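Residue numbers (our numbering), protein chains in the order written: chain A, 4 to 476; chain B, 1419 to 1703. Ideal placement from N, C-alpha and C gives every residue a C-beta, glycine not left out. No experiment lies behind these values; they were computed from the predicted model shown. Structure, as structure tokens:
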């Protein structure tokens, strides 16, 4: 019997975290194997998550802007006339382009990519099963688990991927449903609910929590809900589910505690994702998952078995693509003995709802929780020339500064382009800028950068009221 | 020459004759009943007026009777008995209406052959229904569109009864004594192309036309289309579930497993669906 092929590094899972880990390992001179369950690297991010939903989001945002124009100049189709399939075909093109770029990048770095499922036989040896069942064995000196997450498969909601869908199968629809009930009100639920509402679908979002996106403060949530309702969406907060069932014919019936019933053509179950650890044979590696099903790691992403690392969604929140990539890179850098990483606290958060929401650094909610009396400067997009030109009715930028109203600590934005807009603030925070710099700098006009100046002026004004001695001359 | 040898020679001649008929364009491609075509188009139109749909179906009494029977069968039955056409249209929804009307119309107009080929065409229809259900289950497992998978599964062999009918006509004219199985074998080389031409003439989407054309040769379909691979796999899965003469020994080394990304646990899950699939087929008999 031949001994298993040996690699310096084996990465299980080719999503954002796994890819960056593999490339970092190869750049460090290691011989690297990447095992991916799908035919192409990319993971859920490319096939079923970030890339498809953001492509759909882009179409929804464009549709919304067109719908806001003079119909005689830009006649836009009504929602029910939109062929979802053609929107999704664009998604296919984007996916293919992205997969091809990622495969090239791995090949360029001499990473060996194998299609299959990996399972631990012991802490160093893995068995790889290919579709169809052919098996091979490999040995890794260092192993990175980056198997990601998948939609939760609930016991009490019969997800059939035809009438009751999850965030994977919603992307298989060819026609826009007339109505959609979304179960949940977290990031994925709010993203799809607002995208489908923008396309003219009658959307009802239901959750047991009183408001959606529970990790945001009241002002941002209320801005999001105003925009959602303007698109025809309905949010039912504080309602627990009693029963969800397809009536066997044409409607999904969602019964809420208290007797209310919602009927809709399709239902999206978006109540959470779970770490994908099934089939990995973790018991053979000596690793136990946490009570929430995640793989436990230390500050350097090492599991209790030190040569086995874990990164990305499989270790739990924040489960964002940008964070996962950085975790993958940093985990392998540490394993290679390269310099220690800085902390990962200043990574921005992007929520691709319509309109977008994004933040970086200290948030208003975090400041409130910490009892800090920070200053918050606001700029409403409807008061910015570029915002008026683009018809942005909902949107604002908030700058969060220290108690003195000097140093910029955080930026939060809601509105079209918010996920891009926060980056200028991110750099300013890193550079230790005082908000006054935004008043002094000259930006292109008209652009959304003007929002920074308006929000900074708001801080300066509040600061004057609070500390007269700091009033600018 | 023995009668068996004669049969082989005649089978080969028959294939040539069928090819000639197809190439000359003299093969009579049946149209789906007007009503089924209208319903299919109306259901694909998101602006569809339900009353208009009911009016179209009402004009075909036989279709209406079949529709109500299938709509009330265990597999589609809701909590309320569907007693009127309007109720059926209201309650079934457009996608299900399309599915049922297409299946009922196919059975009546394409697989409704009487006489010596009756038993053979009945088996072909059963296989088509089981393939439709298998396609649906593969699509469900792989998070692909379930409705489209049903339609291509149902229609994948529509070329066969047409060719079978033509083959028998030729055999009778020539005085060749061929069994229904031998006639069926003669349809093998051409049925996918003829089926694709039929779908194209009915105005069905090109993705479906190409899936039918390449359902035995998905690698030659070009591009990245998954549907032809799904169809070939579902076709074989259906033969296996019905345990008929074309059933593969197992699916272990099936050429589409890799393309469809089906792991051993996926295949196991699909095989567990056998009773559900057979039940769905029986609802239409």
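What residues in the segment 298 to 318 of chain A bring their beta carbon closer than 7 Å to a beta carbon of chain B?
none
Determine whether the Cβ of residue 217/A lies closer than 8 Å to any Cβ atom of chain B.
In the first chain, counting from the first residue as 1, residue 217/A sits at position 214. So, not an interface residue.
Here's the rule I'm using: 16 or more other beta-carbon atoms within 10 Å means buried, otherwise exposed. How should residue 162/A be labelled?
Translated into the one-based positions of the first chain, residue 162/A becomes position 159. Classification of residue 162/A: buried, given that the 10 Å Cβ count is 16 or more.
Going by CA-CA distance only, name the one from 1646/B, 1433/B, 1519/B that's closest to residue 1456/B.
In the second chain, the residue the question calls residue 1456/B occupies position 38. Of the candidates 1646/B, 1433/B, 1519/B, the one whose C-alpha sits nearest the C-alpha of residue 1456/B is 1519/B.
Take residue 241/A and list the residues in its own chain whose beta-carbon comes closer than 6 Å to its own, dropping the five residues that flank it on each side.
As a working mapping, residue 241/A is identified with position 238 in the first chain. If we look at residue 241/A and ignore the five residues flanking it on each side, its Cβ neighbours are 213.
Measuring straight from C-alpha to C-alpha, what distance separates residue 199/A and residue 273/A?
Position 196 of the first chain, counted from the first residue, corresponds to residue 199/A. Position 270 of the first chain, counted from the first residue, corresponds to residue 273/A. Cα to Cα, residue 199/A sits roughly 14 Å from residue 273/A.
With 16 other CB atoms within 10 Å as the buried threshold, where does residue 134/A fall?
To locate residue 134/A, count along the first chain from 1; it is residue 131. Classification of residue 134/A: buried, given that the 10 Å Cβ count is 16 or more.
For my contact list, residue 168/A and residue 204/A are in at a C-beta cut-off of 8 Å; report their separation, rounded to the angstrom.
The count along the first chain starts at 1 and reaches residue 168/A at position 165. The count along the first chain starts at 1 and reaches residue 204/A at position 201. Their Cβ separation, rounded to whole angstroms, is 13 Å, which puts residue 168/A and residue 204/A out of contact at 8 Å.
Would you report the Cα separation of residue 1580/B and residue 1436/B, rounded to the nearest angstrom?
Counting from one through the second chain, the residue named residue 1580/B turns up at place 162. Counting from one through the second chain, the residue named residue 1436/B turns up at place 18. About 11 Å.
If residue 186/A sits next to residue 271/A, beta carbons under 8 Å apart, how far is it from one beta carbon to the other, in whole angstroms?
By 1-based counting over the first chain, the position of residue 186/A is 183. By 1-based counting over the first chain, the position of residue 271/A is 268. Right, the Cβ-Cβ distance comes to about 7 Å (below 8 Å), so this counts as a contact.
Starting from the C-beta of residue 305/A, find all residues in its chain whose C-beta is less than 6 Å away, skip the five residues before and the five after it, and write them out in chain order.
On the first chain, residue 305/A is found 302 positions in, with the first residue counted as 1. Cβ neighbours of residue 305/A beyond the five flanking positions: 312.
Is it right to say residue 215/A is buried, meaning 16 or more other beta carbons lie within 10 angstroms of its own, or is it exposed?
Along the first chain, read from residue 1 onward, the residue named residue 215/A stands at position 212. Looking at its Cβ environment, which holds 16 or more other Cβ atoms inside 10 Å, residue 215/A is buried.
Are there 16 or more other CB atoms within 10 angstroms of the CB of residue 1514/B, so buried, or fewer, so exposed?
Position 96 of the second chain, counted from the first residue, corresponds to residue 1514/B. That one is buried.
Report the rounded CA-to-CA distance for residue 109/A versus residue 331/A, giving the unit in angstroms.
Residue numbering aside, residue 109/A sits at position 106 when the first chain is read from its first letter. Residue numbering aside, residue 331/A sits at position 328 when the first chain is read from its first letter. Each residue's alpha carbon lies about 14 Å from the other.
Could you tell me whether the Cβ of residue 500/A comes closer than 8 Å to any Cβ of chain B?
Outside the displayed range of chain A (4 to 476) lies residue 500/A, so it cannot be described from this structure.
Could you work out which residues of chain B lie near residue 157/A, taking near to mean beta carbons separated by less than 8 Å?
Taking the first residue of the first chain as 1, we reach residue 157/A at position 154. Taking a Cβ-Cβ threshold of 8 Å, none of the residues of chain B is close to residue 157/A; the smallest such distance is about 16 Å.
With burial defined as no fewer than 16 other Cβ atoms inside 10 Å of the residue's Cβ, what is the status of residue 1595/B: buried or exposed?
What you label residue 1595/B is simply residue 177 of the second chain in a count that begins at 1. Looking at its Cβ environment, which holds fewer than 16 other Cβ atoms inside 10 Å, residue 1595/B is exposed.
In whole angstroms, what is the alpha-carbon distance linking residue 37/A and residue 22/A?
Here residue 37/A refers to the residue found at position 34 of the first chain. Here residue 22/A refers to the residue found at position 19 of the first chain. The alpha-carbon atoms of residue 37/A and residue 22/A are separated by roughly 8 Å.
Kindly indicate if chain B contains any beta-carbon less than 8 Å away from that of residue 163/A.
Working through the first chain from its first residue, we reach residue 163/A at position 160. Judged by the 8 Å Cβ criterion, residue 163/A is in contact with chain B.
DSSP three-state call for residue 488/A: helix, strand or coil?
In this structure chain A extends from 4 to 476, so residue 488/A is not present and cannot be described.
Return helix, strand or coil for residue 143/A, following the three-state DSSP convention.
Residue numbering aside, residue 143/A sits at position 140 when the first chain is read from its first letter. Three-state result, residue 143/A: strand.
For residue 452/A, which of helix, strand or coil comes out of DSSP?
Residue numbering aside, residue 452/A sits at position 449 when the first chain is read from its first letter. Of the three classes helix, strand and coil, the one that applies to residue 452/A here is coil, per DSSP.
Taking the CB atoms as reference points, tell me whether residue 95/A and residue 43/A lie closer together than 8 Å.
In the first chain, counting from the first residue as 1, residue 95/A sits at position 92. In the first chain, counting from the first residue as 1, residue 43/A sits at position 40. Against a cut-off of 8 Å, the Cβ pair of residue 43/A and residue 95/A comes out as no contact.
For residue 83/A, I'd like the list of residues in its chain whose CB is within less than 8 Å of its CB, leaving aside the five on either flank, ordered along the chain.
Residue numbering aside, residue 83/A sits at position 80 when the first chain is read from its first letter. Caution is warranted here: a pLDDT of 49 is assigned to residue 83/A, below 50, making its placement in the model unreliable, and the coordinate value is therefore given only provisionally. Closer than 8 Å at the Cβ level, and outside the excluded window around residue 83/A, lie 179, 181, 203.
So if DSSP puts residue 167/A in a beta bridge, which residue, or which two residues, is it bridged to?
If you number the first chain from 1, residue 167/A lands on position 164. Looking at the DSSP assignment, residue 167/A forms a beta bridge with 270/A.
Between residue 1545/B and residue 1656/B, is the Cβ-Cβ spacing less than 8 Å?
Position 127 of the second chain, counted from the start, is the residue given in the question as residue 1545/B. Position 238 of the second chain, counted from the start, is the residue given in the question as residue 1656/B. Against a cut-off of 8 Å, the Cβ pair of residue 1656/B and residue 1545/B comes out as a contact.
So, helix, strand or coil for residue 410/A, using DSSP?
Against the first chain, residue 410/A aligns to sequence position 407. In this structure, residue 410/A counts as strand in the three-state DSSP scheme.
Hey, is residue 42/A's beta-carbon within less than 8 Å of any beta-carbon in chain B?
In the first chain, residue 42/A corresponds to position 39, counting from 1. Yes - at least one Cβ of chain B is within 8 Å of the one on residue 42/A.
Excluding the 5 residues flanking residue 432/A on each side, which residues of the same chain have their C-beta closer than 8 Å to its C-beta?
As a working mapping, residue 432/A is identified with position 429 in the first chain. Only 349, 363, 364, 411, 412, 413, 414 meet the Cβ criterion.
Less than 8 Å between the beta carbons of residue 296/A and residue 278/A, yes or no?
Here residue 296/A refers to the residue found at position 293 of the first chain. Here residue 278/A refers to the residue found at position 275 of the first chain. Cβ distance < 8 Å, so residue 296/A and residue 278/A count as in contact.
Would you say residue 1593/B touches the ligand GTP, meaning its beta carbon is less than 7 Å from a heavy atom?
In the structure shown, the ligand GTP is absent, as is every other ligand, since no ligand is present at all.
If you check the beta carbons only, do residue 435/A and residue 402/A fall under 8 Å apart?
Position 432 of the first chain holds residue 435/A. Position 399 of the first chain holds residue 402/A. For residue 435/A and residue 402/A, no; Cβs fall outside 8 Å.
Nearest by alpha-carbon distance to residue 395/A: which of 16/A, 69/A, 27/A, 30/A is it?
Numbered from 1 along the first chain, position 392 holds the residue referred to as residue 395/A. For residue 395/A, the nearest C-alpha among the options comes from 69/A.
At the level of alpha carbons, what is the spacing between residue 247/A and residue 1565/B?
Taking the first residue of the first chain as 1, we reach residue 247/A at position 244. Taking the first residue of the second chain as 1, we reach residue 1565/B at position 147. When rounded, the distance between both Cα atoms is 21 Å.
Give a yes or no on whether the C-beta atoms belonging to residue 27/A and residue 10/A are separated by under 8 Å.
Numbered from 1 along the first chain, position 24 holds the residue referred to as residue 27/A. Numbered from 1 along the first chain, position 7 holds the residue referred to as residue 10/A. No. Outside cutoff.
Closer than 6 Å by C-beta to residue 318/A: which residues in its own chain qualify, once you throw out the five before and the five after it? Chain order, please.
Numbered from 1 along the first chain, position 315 holds the residue referred to as residue 318/A. These residues qualify, in order along the chain: 297, 298, 300.
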